[in-house]
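What follows is a single structure, written as structure tokens, with notes after it.
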Amino acid sequence: MEISRKDFLRKSGLGLMGMSFATTALFSHTEMKANIKNATMSIENDNYKLKNVRLEIGFIYDDLGEVTETQTDLFTIKVENGKIVKIENNHPNDLEAIDMKGLLMLPSFKDMHMHLDKTYFGGPWKAKKQKVKGVKGMITFEQELLPQIASETDFRAHALIDLLQKNGASFTRSHINIEPTSKLDGLNKIQKVLEKRKDNFEAELVAFPQHGVYYTDSVNYLKEAAQMGVDFIGGVDPFTLDGSIEKTIDFTVQLALDYNKGIDIHLHEMDDKGLKTVEYIIQKVNENPQLKGRTYLSHCFILAALNAKQQEEIASKLAHAQVGVVSTIPLGNIRMPIPTLYKHGVNVYSGNDSIVDHWDSFGTGSMLQKANLMAQLYGYSSEFSLSRSLKIATANILPLNDSGQMQWPKQGDDASFVFVDASCSAEAVARISPILQLVHRGKFVFV
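The opening position of the sequence shown corresponds to residue 9 in the working numbering, with each subsequent residue numbered one higher.
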């Protein structure tokens, strides 16, 4: 019996892929991490030099103009006060510089969709309950569950951050439940966690009415949260939960305008109501240009339900309004038109979303795995397309532009990068290569 490629991917245990190559040369990787840690102990004021740093410098083409290889070279990099201040020809004999042993340096990763405030991760294994169906069913379940796990919020949020850092990310956008069950408790706790981790981790926070704006009357809590240092006002399926697209979106838009916030709304609906919601959000953003570049649709599964012509049309509208899409790149029957979004210049991000919680039993914390998954799903198997796929892990920062010219790192950039055991970014994506070191704003992060 023949099996489709999509079914093969879904049934082949993709979640294990992050481990398949990471165990290669385990002892040498452990030793290398220890050597780097020992070498950084003497760093003062975050001012130091790194030698034998591998950077991508261009593409190599065949006679037909196809990219066949990515060219790299070794450099010495000087870091001061969290910034890259100098990129020089390599000085391998510089005894003051930390030796990075030829490891490939890439931009640090960013998980742009996470829920730090509710997870099973860090505690005993627990899988998702299959009998709980639909968003409203999950709301009822959450109303019982969240008070039971509230005492573990701090510990498990720290565990999630450790996991992200281990996988090369020191930045996330986290949705925080704001509704009558959680009130503002989760927000307060996560803000305290982030304050403790501020030297090596950053986050944007979304005030997220998981239980609906009006379905459980979260209005006043959202207004309070908007004054507590969040970056975005969230939402979820306004028609399904609140029974009205316009009323909920109008409230969300006005709250964002009143407090100078962005917008990030979860959309799971795959019928005409989902399309109408997207179109109404685009309309509101066009009416309020200050929201352009600050409005995102998370999941937005309706895009997968449209025909090719409709996908082209809505992608063009999203790009014109500068409304971004944050996709978890789902497996299964939902095939998001990410290539079409890229074609029209839509800002596309990704994230792990649920990591071992009551919404989903999966999640590795690896954005490099997300890049690998995207490459497999959309047939990005060439040297060039694999190298382009890295951008879903880095929030659209790439070492080389499409013409093969160096564009990262540059003097003055934040010193936020990862060191990977790979020859180039294409190999790193294809093999989910081991992350050996994370640096965030000049600080070495050890987990």
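Cβ coordinates follow ideal geometry from the N, Cα and C atoms, glycine included.
Fair warning: this is a prediction, and the values are worked out from it, not measured in the lab.
Could you tell me the distance, in whole angstroms, from the CA atom of residue i to the CA atom of residue j?
i      : j      : result
MET9   : SER390 : Residue confidence for MET9 is low, a pLDDT of 39 falling below 50, so the modelled location carries little weight; the figure read from the coordinates is stated next. Whole-angstrom Cα-Cα distance: 29 angstroms.
GLN445 : ASN409 : 24 angstroms
GLY73  : SER395 : 16 angstroms
ARG181 : ARG302 : 13 angstroms
LEU192 : HIS99  : 53 angstroms
LEU263 : ALA234 : 8 angstroms
ILE147 : LYS284 : 24 angstroms
THR48  : ILE106 : 7 angstroms
HIS352 : TYR388 : 18 angstroms
ALA313 : LYS134 : 32 angstroms
TYR350 : LEU385 : 15 angstroms
LEU383 : ALA438 : Per the sequence shown, the amino acid found at residue 383 is Ala instead of Leu. Spanning the two alpha carbons is a distance of roughly 8 angstroms.
VAL334 : ASP119 : 10 angstroms
SER50  : LYS136 : 46 angstroms
ARG205 : VAL447 : 14 angstroms
PHE209 : ALA316 : 40 angstroms
VAL354 : PRO347 : 10 angstroms
GLN138 : ASP162 : 27 angstroms
PRO115 : SER411 : 19 angstroms
GLU321 : ASP279 : 17 angstroms
GLU254 : ASN228 : 19 angstroms
LYS269 : ASN404 : 22 angstroms
Return the residue from the list the options that minimises the CA-CA distance to residue i.
i      : options                        : result
VAL75  : ALA165, ILE346, SER393         : SER393
ALA436 : VAL455, LEU406, GLY130         : LEU406
ASP429 : ALA135, ASN175, THR161         : ASN175
ASP258 : GLN173, GLY373, ILE289         : ILE289
LYS59  : VAL453, HIS448, PHE427, ARG449 : PHE427
PRO417 : LYS41, THR48, LYS91            : LYS91
PHE247 : LYS269, VAL364, SER324, VAL286 : VAL286
ASN89  : GLY66, ASN55, TYR386, TYR69    : ASN55
LYS231 : GLU295, HIS219, THR224, ALA215 : ALA215
GLY131 : LEU168, GLN138, ALA105, ILE147 : LEU168
VAL261 : GLY237, GLN235, GLN291, LEU249 : GLN291
ALA211 : GLY220, GLN218, GLU77, GLN199  : GLN199
GLU160 : LYS197, GLN173, LYS281, GLY110 : LYS197
GLY66  : THR256, GLN419, GLN413, ALA438 : GLN413
LYS281 : GLY359, LYS269, CYS308         : CYS308
ASN360 : GLN377, GLN415, THR348         : GLN377
GLU77  : ALA434, ALA177, GLN173         : ALA434
ILE241 : ARG205, HIS183, VAL201         : HIS183
LEU299 : ARG205, HIS328, HIS37          : HIS328
TRP367 : ASN53, GLU104, GLY145, PRO115  : GLY145
VAL201 : ALA177, ASP170, TYR229, ASN228 : ASP170
GLY110 : GLU52, LEU172, ASN53, HIS37    : HIS37
GLU460 : LEU172, GLY237, LYS269         : In the structure as shown, the chain starts at 9 and stops at 455, and residue 460 therefore has no counterpart that could be examined.
SER358 : ALA177, ASP71, SER252, GLU104  : ALA177
Is the beta carbon of residue i less than 9 angstroms from the beta carbon of residue j?
i      : j      : result
ASP239 : LEU275 : no
MET108 : ILE44  : yes
SER362 : ILE440 : no
CYS432 : THR84  : no
SER369 : ASN380 : no
VAL272 : LEU305 : Correcting the residue identity first, residue 272 is Asp in this sequence and not Val. Result yes, Cβ atoms of ASP272 and LEU305 sit closer than 9 angstroms.
ASN185 : GLN218 : yes
LEU112 : GLU39  : no
LYS41  : PHE454 : yes
PRO338 : ALA323 : no
PHE179 : GLY371 : no
Take residue i and list the residues in its own chain whose beta-carbon comes closer than 6 angstroms to its own, dropping the five residues that flank it on each side.
i      : result
LYS399 : LEU406
ALA30  : Since pLDDT at ALA30 reaches only 39, below the 50 mark, its modelled position is unreliable, and no value is offered.
GLN151 : THR189
Assuming residue i contacts residue j under a Cβ cut-off of 8 angstroms, what Cβ separation, rounded to an integer in Å, is found between them?
i      : j      : result
THR402 : PHE117 : 6 angstroms
LEU311 : GLN319 : 6 angstroms
GLU187 : THR224 : 5 angstroms
VAL331 : VAL356 : Contact doesn't hold; Cβ gap of about 11 angstroms is too wide.
ALA165 : LEU124 : 5 angstroms
LEU213 : THR189 : 18 angstroms between Cβ atoms; not a contact.
VAL143 : PHE149 : About 11 angstroms separates the two Cβ atoms, so there is no contact after all.
GLY243 : VAL221 : 7 angstroms
VAL87  : ALA423 : 5 angstroms
Starting from the C-beta of residue i, find all residues in its chain whose C-beta is less than 8 angstroms away, skip the five residues before and the five after it, and write them out in chain order.
i      : result
ASP102 : LYS57, LYS59, THR84
ASP421 : LYS91, ILE92
ASN296 : VAL261, LEU265
SER226 : ILE186, GLU187, PRO188, PRO217, HIS219, GLY220
ASP250 : GLY220, VAL221, TYR222, TYR223, THR256
ASN97  : PHE83, THR84
Grab me the residues of residue i's own chain with a C-beta within less than 7 angstroms of its C-beta, minus the 5 sequence neighbours each way, in chain order.
i      : result
ASP207 : LYS451
THR127 : ARG164, LEU168, ILE363, VAL364, ASP365
THR32  : Low confidence applies here, because THR32 scores a pLDDT of 42, under 50, leaving its location unreliable and the question unanswered by this model.
TYR69  : VAL75, THR76
MET95  : According to the sequence shown, residue 95 is Ile rather than Met. Excluding residues within five positions, the ones whose Cβ falls inside 7 angstroms are PHE83, ILE85, PRO417, GLN419.
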